[in-house]
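Below is one structure, written out as structure tokens; comments come after it.
Numbering (our numbering), first residue to last: 265 to 360.
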């Protein structure tokens, strides 16, 4: 199986995009979950388990941001590619 090269981005890159989308990102002590996205009243949120390694936080945040409308936004190419890659992975997980 061909493994693609890692895309180098930081949590801050993704958090900045979330802020642009008015999505609140928080890191919580989740005992049984990696995290996910939800809406509380009118506030969109992404909650991530604070105990995950940074690489998993990045993957999860990119995957969750892929659920939102990103068309027309000025997103740096590495960030867009990471979101697209993680969204494809999420699609594969759902088809198993």
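For glycine and all other residues, C-beta sits at the position ideal for the given N, C-alpha and C.
Query                                                                                     : Result
Simplified DSSP assignment, three categories, for residue 307                             : strand
Span separating the alpha-carbon of residue 271 from that of residue 278                  : 13 Å
Whole-angstrom distance between residue 353 and residue 359, CA atom to CA atom           : Low local confidence applies: a pLDDT of 46 at residue 359 is under 50, so the model's placement there is unreliable, and no value is given.
Cα-Cα separation, residue 306 to residue 286                                              : 10 Å
8 Å contact criterion, which residue 282 and residue 329 should meet: CB distance rounded : 6 Å
Separation of residue 298 from residue 347, as counted between CA atoms                   : 17 Å
Residue 350 burial status per 10 Å Cβ neighbour count (16 or more: buried)                : buried
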